[in-house]
Amino acid sequence: MLLNHLPYTHYTHSVSYPPMDLNLLFFGTEQCTANHAWGPGVRDSYILHYIHQGSGVLRVQEREYHLTAGQGFLIFPDVIMNYEADADDPWVYTWIGFKGINAKSLMQRAHLTLDHPVYDSQGRSWFEHFYDQLLAAYNEPGEDVYAQGMLYQLIYELIACAPASTTPLRVAPSRERYLQQAIEYIENSYSQKISVLDIAASVGLDRTYLSGLFKAELGVSLQQFMIEYRMKRALELLHHSQLSISDISRSVGYTDPFLFSKMFKKVIGHSPKQTRERL
Numbered sequence: 001m002l003l004n005h006l007p008y009t010h011y012t013h014s015v016s017y018p019p020m021d022l023n024l025l026f027f028g029t030e031q032c033t034a035n036h037a038w039g040p041g042v043r044d045s046y047i048l049h050y051i052h053q054g055s056g057v058l059r060v061q062e063r064e065y066h067l068t069a070g071q072g073f074l075i076f077p078d079v080i081m082n083y084e085a086d087a088d089d090p091w092v093y094t095w096i097g098f099k100g101i102n103a104k105s106l107m108q109r110a111h112l113t114l115d116h117p118v119y120d121s122q123g124r125s126w127f128e129h130f131y132d133q134l135l136a137a138y139n140e141p142g143e144d145v146y147a148q149g150m151l152y153q154l155i156y157e158l159i160a161c162a163p164a165s166t167t168p169l170r171v172a173p174s175r176e177r178y179l180q181q182a183i184e185y186i187e188n189s190y191s192q193k194i195s196v197l198d199i200a201a202s203v204g205l206d207r208t209y210l211s212g213l214f215k216a217e218l219g220v221s222l223q224q225f226m227i228e229y230r231m232k233r234a235l236e237l238l239h240h241s242q243l244s245i246s247d248i249s250r251s252v253g254y255t256d257p258f259l260f261s262k263m264f265k266k267v268i269g270h271s272p273k274q275t276r277e278r279l
């Protein structure tokens, strides 16, 4: 177990665009002191913990789970939880925070629910090393892509070590399905002059209702999501192409380069020209 920089490290990966299917938010590791505790409290994302050494207890919904090395637990968003290191053998754990449209259904496939928020790694060695691999990813080209791949690998490992006595759940609630369809429409049509009404029509929903789904699930309105997605694509073009700012503006669905520059600065924090000069 390498676990660089123990006793405590916390690496945060911030995203400047709205979450899609699944997004890595942060990760870290800690060698806890005796009785070190967090909570009771709530988080705003999923946080998966894996215990490398020692033991501790997780408390949620008036239940206690006593856990030790090789096991782990999932913190759910907006749910009151508390966890505490053992007094005699405090745990060493790593964690990874994530959110996204598919996060809930993927956790269900791994049999991680509020009724069963713990798991056993079944001796799969991959869990011991994922923190170090994530940390190493941030020294490589394409670090964000590599790290996202690691997150999916982690979830695959969770599904693989889920109890074999039942079939993994493959849940696709209507709300998630509508969100996925709307996002796919934006991904395929953002370079065109599309409106919120067009997006809502593509999935057969009222625009107010669909925007409410985006706000409830992703924390941003449909209009803001579309703007931020376009700015994300524009940022990629600034980094990886020699297109002029006017050409980039048209490429992400803006016919007015001045309006584009205004929205880009509002979302990214710098104008397109300033961003390119920083490269």
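First residue of the sequence shown? That's 1 in the UniProt record's numbering, and the numbers climb one at a time after it. Built from N, CA and C at the ideal position, the CB exists for glycine as well.
Taking 8 Å as the cut-off, the Cβ atoms of residue 118 and residue 185 do not count as close. Comparing C-alpha distances from residue 39 to each of 31, 52, 57 shows the shortest one belongs to 57. In the pairwise beta carbon analysis, the region 21-36 is classified as touching the region 88-97: at least three pairs are separated by under 8 Å.
With a cut-off of 8 Å on Cβ pairs, the region 69-85 is in contact with the region 110-129, counting three or more such pairs. For residue 85, the uninterrupted beta strand (DSSP E) segment begins and ends at 81-85. Our two residues, residue 259 and residue 274, have alpha carbons roughly 16 Å apart in a direct line. Between residue 32 and residue 90, the beta carbon gap of about 4 Å places them in contact (Cβ cut-off 8 Å).
In terms of CA proximity to residue 87, 34 leads the group 249, 101, 188, 34. The alpha-carbon of residue 221 is positioned some 27 Å away from that of residue 48.
When DSSP states are grouped into helix, strand and coil, residue 117 belongs to the coil group. Between residue 230 and residue 252, the C-beta gap is smaller than 8 Å, which places the two residues in contact. Put simply, of 195, 189, 210, 159 the residue whose alpha carbon is nearest the alpha carbon of residue 176 is 210.
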